[in-house]
Amino acid sequence: MLIRPFVWQRIVWAVLALMTLATLVVLFFIVGFIAAKGAHVITPEFLFSLPERMGKEGGVLPTIVATLWVSLLAVLIATPVGVATAVYLTEYTRESVLTRIIRFGADALAGVPSIIFGLFGFIFFVIRLRMGWSVLAGALTLAIMILPTIVRTSEEAIRAVPAALREVSVSLGGTKSQTVARVVLPNSLPGILTGVILGMGRSVAETAVLIFTAGSSLLMPRTVFDPARTMAVHFYILAREGLSMERAYGTALLLIVSILVINVVAYLLMFRVTRKLR
Amino acid sequence: MREKLIEKGLLLVAFSAVAMIFLIAAFIFREGMPLMLKVGITNFIASTRWQPGQGKFGILPMIVGSLEVTILAIVIGAVLGLSCAMFLAEFAPRWSVRILKPMIELLAGIPSVVYGFIGVVVLVPWIRTVFGGPGFSVLAASIILGIMILPTVIAISLDAFNAVPPSYKEGSLALGATRWQTLSRVMIPGARSGIIAAFILGMGRAVGETMAVIMVAGNALTLPVSVLQPVRTLTSNIALEMGYAAGDHQAALFATGVVLFVIIVILNTAALLITRRRR
Amino acid sequence: MIEKQGGAEPVIRYFAPDALVQDSNGAVREIVAADPAAIGYVSYGLVDERVRALALNGVMPTTETVRSGKYPVGRRFLFLTTGVVDSTAGHFIDFTLSPAGQQALAEEGLIRVD
């Protein structure tokens, strides 16, 4: 059956448009559903008071604090390591067996399922290194998890710095390390920050890893050695145990909004970078 | 002199960063291999009896379950995601793409537990009413996973399309082809390696997903024959029992992790080979 | 449940292989509440108006029947320590067994032991 090309194109256009619409509807339904059910729960009381009766009543303050701590600490640990690795890969070596091993390692790390990180973090940090369920154990495990993201985005950002800038620095008598520290890094900062912020977004969303490393205690964490329940874990527990569907939706909405904000900031930074390079 | 020190220092840091993957792999293997050898590798992988209380550790239902769910998820994600990417690349107005693409990528940040929860509250009852069965099924898990990998598949496929040299597209159009003909006969083949990379990345994410799957798959120990049957994946098995497993049982969960590791390595290697060959 | 496989010796399965497994009590309760054909087991304290507790051996589960042992499926809750009960753990156990602690448990629908 011969269909004229332009008729066929119309048909295809309709099918693809339908698929796209379906996709968008599904994705926005998810956000909308949570927002509709959870919006009325988010009051200043909810945000700033402590949970009562294991989360059936009260607010979610400790979980907010826990999420901030764990994700910030994870990023604090992962960024220097990741940026240093990226700097080494781009500035100090040519493509070689060594760089390929390093890159393979970083890529492989990116493919590991989160439950394996949870297993590893649990047995290694919590038990073997005797950290117990703690903010620190969670942050360390998360740091390893987000390391590939930071290495990759930092590498791209550093590579994007024009060679001319480096040449000027060298011609003025700067050493390699001076060039990197005073010219390359400051210029690649927005790109690096984008990766860091994306890593933070991933940390906020992570659940399986943190249940096994940071624990699920509802107490306000006071030191990095205290256990902590992040918002994602709290939502999971509230929803599954059926403790309070209302608060579950509220926590979920908080989560989504936080991640949205984090990602928007990352995007704005990225746009600043691409605009500067034009 | 100081320069050398700094260089060596950076090398050390880079190496330790990378050493992590080997550390993790070594760890999982060390905890899991003894049990696998004790039970017998073939027995572990091929037996269908998972009864830790009786010392029986067969994970075949979980391997099949993981594969079934992942493959179906990738089909759903590929069909919807590729269509979306094609539409955004060729048929949607520029201004809409600039809004929609970031929005879709933002949705990649939604926690998996939220997806899973909505799956339980919305999808599972729907499947139960419309198709029968418990609702907790391969189908439910695949749909949720497929939706979860959509942003990844769309974003990478879109980038792949945009990376096709404009001259290909212009040449085709100049020869009188319609946009669809250009898309299907020039752009898709041109973007093939990127599209496959998108699929494999999505597949990797689907295989590794835990929380959402635990909520909607039912976690029964049967080998799923129909998509309406409940299923347990390798990741769910680990997450469900890790909290209270001890001794051999715990080692068996690490061994499950070993199998998971191997499957992912196979997937990633395949991805690497395919994308390299098409260069 | 005992099943025979081929000519090999009978396999004893304690759980039907197609039984759904969930990651928490609450999830089981949700399934039973939503699916008319479902049956499951949860903690006594989780029973609410959406599910029906069933009688076993003619005995309905209530605080009294569980405590007295008439209801056959009851189990004690265990505190585990590593031998030396330090002050915090000891105080916690003491609190749980105190009238105030027992009252708190009873309010959550759990069974007192005092």
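Sequences listed follow chains A, B and C, in order. Its first residue numbered 1, the first sequence is counted upward by one per residue in our numbering. Its first residue numbered 1001, the second sequence is counted upward by one per residue in our numbering. Its first residue numbered 2001, the third sequence is counted upward by one per residue in our numbering. For every residue, glycine included, the Cβ atom is placed at its ideal position computed from N, Cα and C.
Residues of the segment 2021 to 2035 of chain C with Cβ closer than 7 angstroms to any Cβ of chain A, in chain order: 2023, 2024, 2025, 2026, 2027, 2029, 2030
Residues in the segment 1206 to 1233 of chain B having any Cβ partner in chain C nearer than 8 angstroms: 1214, 1215, 1218, 1219, 1220, 1221, 1222, 1229, 1230, 1232
Selection of the segment 1130 to 1147 of chain B by Cβ proximity to chain C, strictly under 8 angstroms: 1134, 1135, 1136
Where the alpha helix (DSSP H) through residue 107 (chain A) begins and ends: As a first step, residue 107 (chain A) must be located in the first sequence, where it is residue number 107. Its alpha helix (DSSP H) spans residues 97 to 111.
Chain B residues whose Cβ lies nearer than 8 angstroms to that of residue 147 (chain A): The count along the first sequence starts at 1 and reaches residue 147 (chain A) at position 147. Simply 1017, 1020.
Residues bridged to residue 57 (chain A) [DSSP beta-bridge criterion]: For this step, residue 57 (chain A) is matched to residue 57 along the first sequence. DSSP output for residue 57 (chain A) lists A:52 as bridge partner(s).
Three-way DSSP call (helix, strand, coil) for residue 1057 (chain B) in this model: Taking the second sequence and counting its residues from 1, the one referred to as residue 1057 (chain B) is at position 57. In this structure, residue 1057 (chain B) counts as strand in the three-state DSSP scheme.
Cross-chain neighbours of residue 20 (chain A) in chain B, by beta carbon under 8 angstroms: Residue 20 (chain A) sits at position 20 when you count from the first residue of the first sequence. Correct list: 1083, 1084, 1087, 1088, 1092.
Outcome for residue 134 (chain A) when other beta-carbon atoms lying within 10 angstroms are tallied against a minimum of 16: For the purposes of this step, residue 134 (chain A) is taken as the residue at position 134 of the first sequence. When all chains shown are included, residue 134 (chain A) counts as buried.
Per-residue contacts from residue 1014 (chain B) into chain A (C-beta, under 8 angstroms): As a first step, residue 1014 (chain B) is located in the second sequence; it is residue number 14 there, counting from the start. What residue 1014 (chain B) touches in chain A: 84, 85, 88, 89, 102.
Short Cβ contact (8 angstroms threshold) for residue 1186 (chain B) with residue 1169 (chain B): Taking the second sequence and counting its residues from 1, one reaches residue 1186 (chain B) at position 186. Taking the second sequence and counting its residues from 1, one reaches residue 1169 (chain B) at position 169. Yes.
Limits of the unbroken alpha helix (DSSP H) element including residue 241 (chain A): As a first step, residue 241 (chain A) is located in the first sequence; it is residue number 241 there, counting from the start. Element bounds for residue 241 (chain A): 231 to 241.
Cβ pair count under 8 angstroms reaching 3, the segment 131 to 150 of chain A against the segment 209 to 224 of chain A: yes
Three-state class that DSSP yields for residue 2056 (chain C) in the structure shown: For the purposes of this step, residue 2056 (chain C) is taken as the residue at position 56 of the third sequence. Correct three-state label for residue 2056 (chain C): strand.
Residue 1253 (chain B) vs residue 1238 (chain B) beta-carbon contact at 8 angstroms: In the second sequence, the residue the question calls residue 1253 (chain B) occupies position 253. In the second sequence, the residue the question calls residue 1238 (chain B) occupies position 238. Result yes, Cβ atoms of residue 1253 (chain B) and residue 1238 (chain B) sit closer than 8 angstroms.
Short CB-CB distance (under 8 angstroms) between residue 144 (chain A) and chain B: Start at 1 with the first residue of the first sequence, and residue 144 (chain A) comes out as number 144. Answer yes: the Cβ-Cβ gap between residue 144 (chain A) and chain B drops below 8 angstroms somewhere.
Check whether residue 287 (chain A) and residue 146 (chain A) have beta carbons under 8 angstroms apart: Because chain A is modelled from 1 through 278, residue 287 (chain A) falls outside the range shown and cannot be assessed.
C-beta neighbour in chain C for residue 55 (chain A), strict 8 angstroms: Walking along the first sequence from the start, residue 55 (chain A) turns up at place 55. No, residue 55 (chain A) lies away from the interface with chain C (no Cβ there is under 8 angstroms from its Cβ).
Contacts that residue 218 (chain A) makes with chain B (C-beta to C-beta distance below 7 angstroms): In the first sequence, the residue the question calls residue 218 (chain A) occupies position 218. Within 7 angstroms Cβ-Cβ: nothing; residue 218 (chain A) doesn't reach chain B, min ~17 angstroms.
Cα-Cα separation between residue 275 (chain A) and residue 161 (chain A), rounded to whole angstroms: Counting from 1 along the first sequence, the entry for residue 275 (chain A) is found at position 275. Counting from 1 along the first sequence, the entry for residue 161 (chain A) is found at position 161. C-alpha separation (whole angstroms): 13 angstroms.
Collapsed DSSP secondary structure at residue 1079 (chain B) in the structure displayed: One-based indexing of the second sequence puts residue 1079 (chain B) at position 79. Helix, per DSSP.
Under 8 angstroms by beta carbon: chain C residues contacting residue 1240 (chain B): The residue you call residue 1240 (chain B) lines up with position 240 of the second sequence. Per Cβ cutoff of 8 angstroms: 2021, 2023.
Span of the alpha helix (DSSP H) around residue 1212 (chain B): In the second sequence, residue 1212 (chain B) corresponds to position 212, counting from 1. From DSSP, the alpha helix (DSSP H) with residue 1212 (chain B) extends over 1211 to 1216.
C-beta neighbour in chain C for residue 242 (chain A), strict 8 angstroms: The residue you call residue 242 (chain A) lines up with position 242 of the first sequence. Yes, residue 242 (chain A) counts as interfacial toward chain C.
6 angstroms Cβ shell around residue 2043 (chain C) - same chain, five flanking residues per side excluded: Within the third sequence, residue 2043 (chain C) is the residue found at index 43, counting from 1. Counting only Cβ-Cβ distances below 6 angstroms, and skipping sequence neighbours, we find 2025.
Residue 1114 (chain B) vs residue 27 (chain A) beta-carbon contact at 8 angstroms: Taking the first residue of the second sequence as 1, we reach residue 1114 (chain B) at position 114. Taking the first residue of the first sequence as 1, we reach residue 27 (chain A) at position 27. Contact flag unset, no.
Cα-Cα separation, residue 1083 (chain B) to residue 1219 (chain B): Translated into positions along the second sequence, residue 1083 (chain B) becomes position 83. Translated into positions along the second sequence, residue 1219 (chain B) becomes position 219. Each residue's alpha carbon lies about 32 angstroms from the other.
9 angstroms Cβ cut-off: residues of chain B touching residue 2048 (chain C): Within the third sequence, residue 2048 (chain C) is the residue found at index 48, counting from 1. Those do not exist, as residue 2048 (chain C) stays about 18 angstroms from chain B at its closest Cβ, beyond 9 angstroms.
Alpha carbon of residue 245 (chain A) to alpha carbon of residue 1014 (chain B), nearest angstrom: Here residue 245 (chain A) refers to the residue found at position 245 of the first sequence. Here residue 1014 (chain B) refers to the residue found at position 14 of the second sequence. Going by the C-alpha atoms only, they are around 45 angstroms apart.
Pairwise C-alpha distance: residue 154 (chain A) and residue 99 (chain A): For the purposes of this step, residue 99 (chain A) is identified with residue 99 of the first sequence, where counting begins at 1. For the purposes of this step, residue 154 (chain A) is identified with residue 154 of the first sequence, where counting begins at 1. Their backbone Cα atoms lie some 15 angstroms apart in a straight line.
Contact belief for residue 63 (chain A) with residue 223 (chain A) at Cβ below 8 angstroms, rounded distance in angstroms: Residue mapping note: residue 63 (chain A) aligns to position 63 of the first sequence, counting from 1. Residue mapping note: residue 223 (chain A) aligns to position 223 of the first sequence, counting from 1. Wrong, their Cβ atoms sit about 17 angstroms apart, outside the cutoff.
Coil, strand or helix - residue 133 (chain A) by DSSP: Walking along the first sequence from the start, residue 133 (chain A) turns up at place 133. Coil at residue 133 (chain A), not helix or strand.
Stretch pair the segment 1197 to 1211 of chain B + the segment 1070 to 1078 of chain B: three plus CB contacts closer than 8 angstroms: yes
Limits of the unbroken alpha helix (DSSP H) element including residue 1033 (chain B): Translated into the one-based positions of the second sequence, residue 1033 (chain B) becomes position 33. Start and end: 1002 to 1039.
Check whether residue 48 (chain A) and residue 61 (chain A) have beta carbons under 8 angstroms apart: Reading the first sequence from its first residue, position 48 is the one you call residue 48 (chain A). Reading the first sequence from its first residue, position 61 is the one you call residue 61 (chain A). A contact, by the Cβ cut-off of 8 angstroms.
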